[in-house]
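Heads up, the thing below is written out as structure tokens.
Protein chains in written order, with the working numbering: chain D, 1 to 354; chain B, 1 to 354; chain U, 1 to 354; chain R, 1 to 354.
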């Protein structure tokens, strides 16, 4: 068990940062859907690196080849497999890293788990690169959801302590954020975030951030009690994204500081429909959707790969030593993780709604 | 799917607040374990209500009857089923609630999901009462883990904005908090929390809080990549606890405000073993345990049931109306949720380590 | 993993032959179904022993107590748990058996698997007694299926080489066989079977048989490719019944002796609907239902418990020795297994159709 | 759900007969295994068509490209993905078949299930071609099992009523059958089988057969009770092979004609170890391995594709009509299915033993 999730829209990821290819099998996409290559391509491009100086300069063509599941571009009920070749790999210089685990990376625990046989090159199967096939699955899921009136949207809610405005939890704004360098609601905040990122990059450092995601158009009554509630499943999927270290729904952690009378969402009737007056529940009560937008936030830690000198140990010699990580890294991975978080939400709801 | 979790230590919960009984089937507990009835009873008592004026006065005998899985008190490899009778139930006055969903409860989404056939009495299957059998499973898991050197411990980290000290993430203190009215590290903070709770109760209101949990003695290398990482599984299990609305591991949300150089956990050698200098990762990197204590915090919203007048709608008449909830409720459910969170951690690690 | 099956109509069995109780949790039965206690009771009675001299004289009240999942007799979406107390148990004389595994029973493999901690009393969790809760689940499933026009029916197809007529695979006859001592289509064959059974019983021996089961009214298009085809799932469920050692669908093993032109089922149009002219496929092609009756046969070995002297070994002394099994046993377990096979088919289709 | 199986050695198949490629993801192969390309290639070749005139002349290069999961040829713990390109495809003439379902093929049920969007070309995802990636997974599993002393071997037990000798169930002979045109124990029977196949082929017809498979070296105590017994899991996997319509373990269906005293396997001591005197149980009791060879037989129906004229219907016109299937087909698919059945056994035990 590990790289698969879902019951009906079952996603199986494979690949390592430097293997021949990475990819995903989706078993089973409903039959009769003409996959929108343009939509998928555009969505995946949002995750792709190298777009601007706020992200890693590593270039990836990242064009998925769909090798199964289609007849003339239309899904046929067979598992859809998409493969993305790894072309831009430099695997020469991993001998040092093999013996010197990078702080706050998977290197050391993977070394233990796999008795030293883990693929250290570029982070192996733990690499953020694996979120590319996840985005492919997410794009397919989104296409399915769009037809059901469900829309998913995320923005950078914070970077290194600079906070954007939150979504209006009662009705998520329709602005298209995808063209912005940093997808924020308040562009002034976006400018400040960019400054923080640039500063960190120049210092050989990195910064963390928070992503807020909203799922609109979800009907009430989705999800199951206890272990299969909406919060449970979204969390299970979102923590698959490297660097995510926290998640909260609705008022989340801040609800811990509130009174019940402040936090409860009273029911009212609006336009002949039952809605809640506030949405501190984030659209979920008892694990089940209330019909209000599902709102959650994911905390993304600062990129673990930094140029600054750090301390680590030599595994073979059991000695402490300095470490300087070379190579290409995002100074703030939260930016590129925005569509990935959307993808996680999308596969969650596709699994529930098909 | 819904009320079951786990693969090897598979927990299936059943029951409603006012059904004949609630309970759990654990499939499969390893054979050859003499279940420690005293330990289990003591653990479950920590969750039981009615202990003091900070919790609901509802009295529950809560003595689990183990009806399968044992031979002379020793597990035999067959599923262990424990049943707890519901004795102290008053089901007379649920007609009004059936038509008037309580704010921020499962009532309305469950009404939609189950076409009105959901059990509204005491919250039905969504009741916090269902955490009693979860605690039974957790106690069995803990007994198994103790033999493997794993210890699980939680405290109330905050109530309504009053914060306790955090655990030392490098080495969790061995103090026994279980005898305290509110299990905190700093008793003065505990006193302030009690004041907050009393105030809220007197006002017919409720307060939220945060629970911090530490799992010590976990070997490095546990967990699987992507969807079956430690964070994924703990989250899936913890969100089964009613009122939990957020979870974070290690530095969690606060890592979003940090630099990589502040947040990364350098490796050092201590007493001949590889450890990290800090533990902002909460003992998990790449989803896999690092060998450091696993640390997480769960945000618990204020109890949704409050005595104060609220607004809701009549489902049958589609009209807004006032609502006054009667009955017995915890003014701060976070207190009694402490052992439940421990139980969630316990079943997670038992599933991975047996 | 072990005693549970299904995804949507998820069945978790628990208990041992001599534990306090046996039972089942069904997670999740659709909400809004008034469970028909009379139907369930009647169905379970068909499996119950002690009805006539062809079965074991062990008496079991076998009245399931439903302790969760209902509100006023109607399902509410919460897991349904039914408990059956074990009352008629004699656990005194299992010391000898503990050390002397009975031939062709689970005793020895269970001893190895559970390091000697397995429950030997009455066969423990491997006892045929565990099919009682399976029948409860099957009865609930059947009630659900009946509303969808699906009917399940089985008969004793053979006993010790005496063969009944097969079902007409194109249209299963509506006769009610449940009142017969041995449910057969041809009563003369039933009489001969009874003779074989009586003869075996008198000789302290036992006989095997074959059960044929038909599921009528199933729509075309159910089931999934490869590992989740109808044959795969029915098999997985049917082999849960102790003593079943083979299963075949449609012409099954006899198809191996046929030509393609003999075995293929041509399509024709009858009453404006597409049907097959023959049904050698047993209603399944490519793992998916064709719309014709699903027909399968399960081979049931002779009861392993026989009074005749056998040879076994002492596990502690590693010596060969004689064994004489005392107690109450069915001379032909295939008879009482008829409703159990129906139950397996029922939970399979309930899982697919709800 | 559909094309995946297993928990620890999790196999996900993808592809259709005429899609760009077919393949498999194995999540997760233990780290540190150097995959033996020669062994895998040789194993897969046994399944490949076109070897002699008893099989279809369709040529498939069938060389799997391993695109993930390896570092320098050694498994690293990441999912192993193998892709096989479909090169020899003729997709021109499927318009007629799209509207005229072939008898006893998946065409009609798949048409219903997928609302006409199913891939009809070459049988789509239901094609026997999908057993190529299954064999890849099986070969990897076999390599793992060999290191644990487990060997898997199958032979053609019957073709069209001509029966080979059975394996000696107490000790499976070590002869290598893989070089034979038809892998049988008795070559004279093999010759007669070849005659039957040739006769059928010349008549534009096909024949069925039975495959017997033995798994030697399995320790006692593997498997779980009820739904996860060895018989349950092997069956679930074996019915994934197209054309399999029955399975039996040990004495299987013939046990139904026996007395308990004939069928029971007495325990004896041989060479200081506990073994059974006979092996009518096929190495499994109570779903758990006994330590004796696991023996099962799978019934394979005659190839559904025959050249002879058959009757079917036009789906669009709802009219009966003649059908003549063109193209390349095996006159007896049981021959090439031998390694596929071995592969099914291999993935079953790899899942249990890693």
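Even glycine gets a Cβ: it sits at the ideal position worked out from N, Cα and C.
Computed from a prediction, not measured in an experiment: that's the story for all the values here.
For the set D/214, D/247, D/158, the Cα lying nearest the Cα of residue 297 of chain B is the one of D/247. Classified as exposed, residue 115 of chain R has fewer than 16 neighbouring CB atoms from the shown chains inside 10 Å of its CB.
Distance from the CA atom of residue 198 of chain U to the CA atom of residue 28 of chain R, rounded to whole angstroms, is 53 Å. Counting every other CB atom within 10 Å of its CB across the protein chains shown gives residue 188 of chain B a total below 16, marking it as exposed.
A contact between stretches requires three or more CB pairs, one per stretch, nearer than 8 Å, and the stretch 118 to 130 of chain R meets this requirement with the stretch 91 to 110 of chain R. Bounds of the alpha helix (DSSP H) holding residue 343 of chain B are 333 to 353. As computed with DSSP, residue 27 of chain D is found in a beta bridge with D/10. Closest option to residue 260 of chain R, judged by alpha-carbon separation, among U/303, U/244, U/264, U/236: U/303.
Think of a sphere of 7 Å around the beta carbon of residue 29 of chain D: no beta carbon from chain R falls inside it, the nearest being about 11 Å out.
By the CB criterion at 8 Å, residue 158 of chain R and residue 332 of chain R fall outside the cutoff. DSSP places residue 310 of chain R in the uninterrupted beta strand (DSSP E) bounded by 310 to 314. The alpha carbon of residue 97 of chain R has as its nearest neighbour, out of R/349, R/271, R/342, R/316, the alpha carbon of R/316. By the C-beta density criterion, residue 319 of chain R is exposed, having fewer than 16 other C-beta atoms within 10 angstroms.
Two segments are said to touch when three or more pairs of C-beta atoms, one from each, lie closer than 8 Å; by this definition the stretch 346 to 353 of chain R touches the stretch 121 to 141 of chain R.
Cβ contact annotation for residue 39 of chain R (same chain, cutoff 7 Å, sequence separation greater than five): 139, 143, in chain order. Here residue 231 of chain U has 249, 284, 287 as same chain residues with Cβ atoms under 7 Å from its own Cβ, once five neighbours each way along the sequence are excluded. Contact between the stretch 71 to 85 of chain U and the stretch 11 to 26 of chain U is present, with at least three C-beta pairs closer than 8 Å. Counting of Cβ neighbours within 10 angstroms places residue 165 of chain B among the exposed residues, the total staying below 16. Using a Cβ-Cβ cut-off of 8 Å, residue 311 of chain B is close to 266, 267, 268, 277 of chain D, given in chain order. Taking residue 219 of chain B as the centre and dropping the five residues before and after it, the same chain places the C-beta of 289, 291 closer than 8 Å to its C-beta, in chain order. Going by C-alpha positions, residue 234 of chain R is about 26 Å away from residue 14 of chain D.
Looking at the backbone, the Cα of residue 309 of chain D and that of residue 300 of chain D are separated by about 22 Å. Scanning its chain for C-beta atoms nearer than 8 Å, with the 5 sequence neighbours on each side dropped, one finds around residue 266 of chain R the residues 276, 277, 278, in chain order. The contact set of residue 318 of chain U on chain R, defined by CB atoms closer than 7 Å, consists of 269 in chain order. Contact note: residue 7 of chain U reaches chain D through 7, using a C-beta cutoff of 8 Å and chain order. Listed in chain order, the alpha helix (DSSP H) runs fully inside the stretch 59 to 127 of chain R are 95 to 99, 107 to 113, counting runs of at least 4 residues. Comparing alpha-carbon positions, the option among D/307, D/322, D/216, D/101 lying closest to residue 172 of chain D turns out to be D/216. Around the CB of residue 129 of chain R, 16 or more other CB atoms lie within 10 Å, so the residue is classed as buried. Membership of residue 202 of chain D in the alpha helix (DSSP H) is indicated by the continuous run 187 to 202.
Between the C-alpha atoms of residue 125 of chain U and residue 2 of chain U there is a straight-line separation of about 11 Å. The way I'd put it, the stretch 237 to 244 of chain R doesn't touch the stretch 175 to 189 of chain U; fewer than three beta-carbon pairs between them come closer than 8 Å. For residue 299 of chain D, the enclosing beta strand (DSSP E) has its first and last residue at 294 to 300.
Around the Cβ of residue 336 of chain U, a 10 Å sphere holds 16 or more other Cβ atoms; the residue is buried. For the pair residue 34 of chain B and residue 73 of chain B, the CB atoms are nearer than the 8 Å cut-off. Membership of residue 154 of chain D in the beta strand (DSSP E) is indicated by the continuous run 151 to 159. Counting only the Cα atoms, residue 264 of chain U lies some 5 Å from residue 104 of chain R.
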